[in-house]
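Counting from 1, position 54 in the sequence shown corresponds to residue 53 in numbering that gives the first Met the number 0; the numbering is continuous, with no gaps. So the structure is just underneath, and the comments pick up after that.
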Amino acid sequence: MEQLSSPKKIKETLEQFGLSPLKKLGQNFLKDANITRRIAEAAVLPGEDVLEIGPGLGALTDVLAERAGRVVAVEIDSGMTRALSHTLAHRNNVTVLHADILKTDIKKVAEEYFSGSFAVAGNLPYYITSKCLFAVLESGAPVTRFTAMVQKEVAERLAAKAGDKDYGALKASIAYYGAVQKILNVPAGCFLPEPDVDSAVIQFTPSKTMDVERKIYARTVKALFAMRRKTVQNNLKAMLGAEEASAALELAGIDPKARAETLSPEIIARLADIIAQS
Ligand code: SAM
Numbered sequence: 000m001e002q003l004s005s006p007k008k009i010k011e012t013l014e015q016f017g018l019s020p021l022k023k024l025g026q027n028f029l030k031d032a033n034i035t036r037r038i039a040e041a042a043v044l045p046g047e048d049v050l051e052i053g054p055g056l057g058a059l060t061d062v063l064a065e066r067a068g069r070v071v072a073v074e075i076d077s078g079m080t081r082a083l084s085h086t087l088a089h090r091n092n093v094t095v096l097h098a099d100i101l102k103t104d105i106k107k108v109a110e111e112y113f114s115g116s117f118a119v120a121g122n123l124p125y126y127i128t129s130k131c132l133f134a135v136l137e138s139g140a141p142v143t144r145f146t147a148m149v150q151k152e153v154a155e156r157l158a159a160k161a162g163d164k165d166y167g168a169l170k171a172s173i174a175y176y177g178a179v180q181k182i183l184n185v186p187a188g189c190f191l192p193e194p195d196v197d198s199a200v201i202q203f204t205p206s207k208t209m210d211v212e213r214k215i216y217a218r219t220v221k222a223l224f225a226m227r228r229k230t231v232q233n234n235l236k237a238m239l240g241a242e243e244a245s246a247a248l249e250l251a252g253i254d255p256k257a258r259a260e261t262l263s264p265e266i267i268a269r270l271a272d273i274i275a276q277s
């Protein structure tokens, strides 16, 4: 059976179904079988169920299906879903849903198709990367890990630690839900058509690490990182007023002249907890 990630097969399938890659939907197809296999191996344990976001022509879906229990793949483009019913016809453990992942009730889909916890994987459309990450993590569904291809620059931001040059509001926000690591760099040449930027695969492992309520944590992150060049005291003032901001920072043991980029998610959680109780 020919690899769905071979450039020849991608071109043939597009032609057969009268399709052209749509830039507005981030349609850059993986054309490297080795990378595709490595993503599948990192994404799913043998026999585990998996939700795939954006299957496209099925390159990753096919190798996921070889390894996984059940695969449910959510694809927004009806041209792709037509092609998928042909390219994945040999797989009896794949269900393709024609839907926008951002308008999909992920928990409900999981309850309908999976028997318990499941993995999430996807070569994500770049224009909705963060929204996809948060949609999955906030769904309340029992996700074991989320393996995603993202822009390299976003991967650096997600993998950064407090004090690193790439650390900022995105990482501080997502850290509420667990840990992120970068798994693999993927050069632009591994896709057809070739995107303008390089990519990387990250893996998010959910864990309940913070006791503070999500809303107040998110508000605190937003306030602290509002203006990059300002001190935490100045940024927090807008949320709490000057006096309360000083008092909360003192109680949390944070230097008011510090910059938000130096505060770890755990310290931010401590501050958010103090704010919640004041
Ligand atoms: N998985 C395939 C691969 O690796 O070759 C295709 C990846 S391509 C980068 C992203 C895919 O996500 C496209 O097929 C695109 O149509 C689909 N997509 C874009 N926006 C979507 C959305 N909101 N919901 C579901 N799928 C979406």
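Think of the CB as a built atom: it goes at the ideal place given N, C-alpha and C, for glycine as much as any other residue. As the structure is a prediction and not an experimental result, all values here were calculated from the model.
The criterion of a C-beta distance shorter than 8 Å is not satisfied by T80 and V70. By the Cβ test, the segment 189-203 is not in contact with the segment 215-228, since fewer than three Cβ pairs between them sit closer than 8 Å. Here the segment 118-125 makes contact with the segment 141-156; the two share three or more CB pairs at distances below 8 Å.
Each of Y166, N233 and E249 was checked against the Cα of S277, and the nearest Cα belongs to E249. According to the DSSP assignment, I267 belongs to the alpha helix (DSSP H) that extends over P264 to Q276. Contact between the segment 80-93 and the segment 121-138 is absent, with fewer than three C-beta pairs closer than 8 Å. When Cβ pairs closer than 8 Å are counted between the two stretches, the segment 263-274 is seen to touch the segment 166-181, the count reaching three or more.
Excluding its 5 nearest sequence neighbours in each direction, P20 has C-beta neighbours in its own chain below 6 Å: Q26 and P192, listed in chain order.
The criterion of a C-beta distance shorter than 8 Å is satisfied by A271 and V211. In this structure the segment 225-245 does not lie against the segment 174-187, because fewer than three pairs of beta carbons, one per stretch, are closer than 8 Å.
Relative to the ligand SAM, the beta carbon of A58 is positioned inside 7 Å of a heavy atom.
Counting along the chain, the unbroken beta strand (DSSP E) around M148 starts and ends at V142 to Q150. Relative to the non-hydrogen atoms of the ligand SAM, the Cβ of V73 comes within a distance shorter than 7 Å of at least one. For a cut-off of 8 Å, the C-beta gap from L50 to A109 is around 7 Å, short enough to register as a contact. The residue among T219, G57, A187 and R37 with its C-alpha nearest the C-alpha of A247 is T219. Taken from the Cβ of Q26, at least one heavy atom of the ligand SAM lies inside 7 Å. Distance from the C-beta of I182 to the nearest heavy atom of the ligand SAM is not below 7 Å. Counting the other Cβ atoms within 10 Å of the Cβ of S4 gives 16 or more, which makes it buried.
L29 sits in a strand when the DSSP states are folded into three classes. In this chain, the alpha helix (DSSP H) harbouring E11 covers P6 to Q15.
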